[in-house]
Every structure is written in structure tokens, then in C-alpha cells.
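Taking the numbering used here, I'd label the letters of the sequence shown as residues 492 to 629.
A short worksheet on the structure shown next.
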Amino acid sequence: TLIVGGSSTAERLPRLAARYADEYVINSPSLEQCRAARERLDRACQANGRDPSTLALSAFVAINVGETQEQVERTFDTYTRTNPQYARMLNTRANWIVGTPDQAHQQLAALATAGLARIMLSVNCNLHRDMLPLLKPS
Numbered sequence: 492t493l494i495v496g497g498s499s500t501a502e503r504l505p506r507l508a509a510r511y512a513d514e515y516v517i518n519s520p521s522l523e524q525c526r527a528a529r530e531r532l533d534r535a536c537q538a539n540g541r542d543p544s545t546l547a548l549s550a551f552v553a554i555n556v557g558e559t560q561e562q563v564e565r566t567f568d569t570y571t572r573t574n575p576q577y578a579r580m581l582n583t584r585a586n587w588i589v590g591t592p593d594q595a596h597q598q599l600a601a602l603a604t605a606g607l608a609r610i611m612l613s614v615n616c617n618l619h620r621d622m623l624p625l626l627k628p629s
């Protein structure tokens, strides 16, 4: 499997992915960026005589899921104090999977509807490991 990663707004990489890759990965996309990336991939596949359904679109997405909204806000405060990588990523917070389990499931479903075949969650600390059970389908 060949996976190519790039920006959700890239023009050249989707063309390369359509020629050589099995999957194209974007980072922290909005729903509109997912749709636009999927459209670019589809056009690039068609230009290469390739079935667009054979090129998956996936995304790497940050998470902050809690039982309550208050827990989510406390976790954002913890990120700011203790997790420099996540503190730097707070400017893309609108594109994270954020909220209660129900809200997170709605966001994941919306991303799938926008064209994502796979969503890779950023799990780089114990806080994230504690969130994973909250994301299991009910």
C-alpha cells in the first residue's frame, strides 16, 4: 500500500496520488476541505483513466472527547499547560473531533460523508488513551 500525504489544498500532490498511490492523507481538514480534496482526487483519477473509488482519502485529526463539555474544556486547559504539540495545534481546533461522545460520533459521520474513507486520530498522551473508549460505537 502506498500512502501519500499532503495539504488539503494541494494541487500537485493529488495528481501524483492519482497516478501512484492507494491513499491520500490530509491533516486536520474542515468538512469543506474534505469535499474539495475528494473532488480534486476524483478529477485527477479521471484524468489518468483511474476509477476514483480506488484512491482512498483519509485524514489525521486531533481529538478532545469527554463525558461532559466541562471535561472537554478542562482538557483544553491541560493541553495548553502540558502538551506543546497540541498547544501549537489549537488554531485548528475547529477541525478537531471535539465534545461529548455523541458530538464526536456526529463529527466522524460528517467527515465520512464529506469523503473520508479513514480517520486517523492523534493519540500521543494518556489523556488521549482515556478518550478512546468514548469513541467506540454504541
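Note that beta-carbon positions come from the ideal geometry of N, C-alpha and C, so glycine has one too.
Looking at C-alpha atoms only, which residue of D513, R541, R503 and P505 is the closest neighbour of L493? As a working mapping, residue 493 is identified with position 2 in the sequence shown. The shortest Cα separation from L493 among D513, R541, R503 and P505 belongs to D513.
Per DSSP, what kind of secondary structure is L493 in: helix, strand or coil? Here residue 493 refers to the residue found at position 2 of the sequence shown. Looking at L493 - three-state DSSP - the assignment turns out to be coil, as it is neither helix nor strand.
Thinking A595 and V556 are a contact (beta carbons under 8 Å), I'd like their distance in whole angstroms, please. For the purposes of this step, residue 595 is taken as the residue at position 104 of the sequence shown. For the purposes of this step, residue 556 is taken as the residue at position 65 of the sequence shown. Indeed they touch by this definition, with Cβ atoms about 5 Å apart.
Can you give the Cα-Cα distance for N539 and V516, rounded to whole angstroms? Stepping through the sequence shown from its first residue, residue 539 is reached at position 48. Stepping through the sequence shown from its first residue, residue 516 is reached at position 25. If I take the Cα positions, the gap works out to 19 Å.
According to the Cβ coordinates, are A617 and Y577 closer than 9 Å? As a position in the sequence shown, residue 617 is number 126, starting the count at 1. As a position in the sequence shown, residue 577 is number 86, starting the count at 1. The amino acid occupying residue 617 in the given sequence is Asn; Ala does not appear at that position. Result no, Cβ atoms of N617 and Y577 do not sit closer than 9 Å.
Do the region 520-529 and the region 559-569 make contact, defined as three or more Cβ pairs closer than 8 Å? no
Measure the beta-carbon distance from N586 to P520 and round it to whole angstroms, keeping in mind my assumption that it falls under 8 Å. Numbered from its first residue, the sequence shown carries residue 586 at position 95. Numbered from its first residue, the sequence shown carries residue 520 at position 29. Yes, N586 and P520 are in contact; Cβ-Cβ is about 6 Å, under 8 Å.
By Cβ distance, which residues of its chain are closer than 8 Å to L581, with the 5 residues on each side in sequence left out? Looking up residue 581 in the sequence shown gives position 90. Hits under 8 Å: F567, Y570 and T571.
May I ask which residues mark the beginning and end of the alpha helix (DSSP H) holding E530? Translated into positions along the sequence shown, residue 530 becomes position 39. Its alpha helix (DSSP H) spans residues L522 to A538.
Please return the same chain residues whose Cβ sits closer than 8 Å to the Cβ of A509, not counting the five positions on each side in sequence. Taking the first residue of the sequence shown as 1, we reach residue 509 at position 18. So the list reads L532, A535, C536, A538, N539, R541 and L546, once near-sequence residues are dropped.
Consult DSSP for E502 and reduce its assignment to one of helix, strand or coil. For the purposes of this step, residue 502 is taken as the residue at position 11 of the sequence shown. Coil, per DSSP.
Reduced DSSP secondary structure (H/G/I, E/B, other) of E561: The sequence position of residue 561 within the sequence shown is 70, counting from 1. E561: helix per DSSP, three-state reduction.
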